[in-house]
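Student:
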Amino acid sequence: MQTMSTESARPPHLRATALALVLVGGFCGTAARDLVQNAFPHSASGVPWATFGINLAGAFVLGVLLEGLARSGEDDGRRRRIRLLAGTGFCGAFTTYSALATDTVQLWEVGHRTTAGIAYAAGTVLAGLVCTWLGLMVASRTARGGAR
Numbered sequence: 033m034q035t036m037s038t039e040s041a042r043p044p045h046l047r048a049t050a051l052a053l054v055l056v057g058g059f060c061g062t063a064a065r066d067l068v069q070n071a072f073p074h075s076a077s078g079v080p081w082a083t084f085g086i087n088l089a090g091a092f093v094l095g096v097l098l099e100g101l102a103r104s105g106e107d108d109g110r111r112r113r114i115r116l117l118a119g120t121g122f123c124g125a126f127t128t129y130s131a132l133a134t135d136t137v138q139l140w141e142v143g144h145r146t147t148a149g150i151a152y153a154a155g156t157v158l159a160g161l162v163c164t165w166l167g168l169m170v171a172s173r174t175a176r177g178g179a180r
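Here the sequence shown is numbered in our numbering, starting from 33 and rising by one per residue.
1. Could you compute how far the alpha carbon of Ala118 sits from the alpha carbon of Asp108?
2. Find the nearest neighbour of Met169 within the set Ala102, Gly95 and Val142, judged by alpha-carbon distance.
3. Just reading off the alpha helix (DSSP H) that Leu139 is part of, what are its end residues?
4. What whole-angstrom Cβ distance do Phe72 and Trp81 have, given they're in contact under 8 angstroms?
5. Assign Arg173 to buried or exposed, taking buried as 16 or more other Cβ atoms, counted over all protein chains shown, within 10 Å of its Cβ.
6. In whole angstroms, what separates the C-alpha of Ala153 from that of Ala133?
7. Identify, in the order they occur along the chain, each residue of the same chain with its Cβ nearer than 6 angstroms to the Cβ of Cys60, setting aside the five sequence neighbours on each side.
8. Whole-angstrom Cβ separation of Ile86 and Arg110, contact assumed at under 8 angstroms?
9. For Thr147, count neighbouring C-beta atoms within 10 Å of its own C-beta (all shown protein chains included) and say buried if the count is 16 or more, exposed if not.
10. At a cut-off of 7 angstroms, would you count Ala89 as near the ligand GDP, judging by its Cβ distance to the nearest heavy atom?
11. Can Gly11 and Thr127 be called in contact, C-beta distance under 8 angstroms?
12. Tell me which residues share the same chain as Ala175 and place their Cβ nearer than 6 angstroms to its Cβ, disregarding the 5 neighbours each side in the sequence.
13. Restricting to Cα atoms, I'd like to know which of Thr120, Ser77 and Arg145 is closest to Leu97.
14. Are there 16 or more other CB atoms within 10 angstroms of the CB of Leu158, so buried, or fewer, so exposed?
Set out below in C-alpha cells:
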C-alpha cells in the first residue's frame with residue numbers, strides 16, 4: 033500500500049508549496065503595482081487613472097491566463113503552479129480592490145464629487161468585466177489557432 037506524503041495529503045490551499053507560490057507572485061504583483069502607481073500619480077482632476085489601468089490590465093491578463101490554463105488540461109501539476117503564482121499571486125496583488133474602494137471614497141470627498149466616485153467605481157467594474165471577457169476570447173482564439 034502506498035502512503036501519501038504529508039504535503040500531498042493536505043488540501044491544496046494548506047500546502048507549503050502552494051502558499052510559497054502565492055507569496056512570491058503576490059510580492060511581484062505588489063511591486064509591479066507600486067511601480068505603475070508611482071510612475072503615474074493621480075491626475076490633477078483627482079482621477080486615479082493608474083489604479084483604473086492596473087485593474088483593467090489585471091482583469092485582462094487573468095482572463096487570458098485562466099482560459100489558457102483551463103483549455104490546456106486539468107488544474108494540477110504545472111498548470112496549478114502557474115495559476116497560483118501568476119493568477120492568485122501576481123494578478124491578485126497587482127489588481128487592488130482596496131485601492132478602488134479608497135480612491136472612490138477620495139473622489140467622493142474631494143469637492144463632494146459623489147457622481148465622479150460612483151462613475152469611477154461602476155466604470156472600473158464594468159470595464160473590468162469587458163477586459164476579462166476580452167482576455168477569455170484572446171486565449172480561446174489562441175487555443176484554436178485563430179480560427180473563426
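Just so it is clear, CB atoms sit at the ideal spot from N, CA and C, and this is done for glycine as well.
Tutor: From the atom records:
1. Ala118 and Asp108: Cα-Cα distance of roughly 15 angstroms.
2. For Met169, the nearest C-alpha among the options comes from Gly95.
3. Tyr129 to Glu141
4. Cβ-Cβ separation between Phe72 and Trp81: approximately 6 angstroms, consistent with a contact (criterion under 8 angstroms).
5. Result: exposed.
6. 8 angstroms
7. Phe122
8. With a Cβ gap of about 27 angstroms, Ile86 and Arg110 do not count as contacting.
9. exposed
10. Absence of the ligand GDP from the depicted structure is noted, as is the absence of any ligand whatsoever, leaving it without description.
11. For the chain, the structure presents residues 33 to 180; residue 11 sits outside this window and is missing.
12. Arg103
13. Thr120
14. exposed
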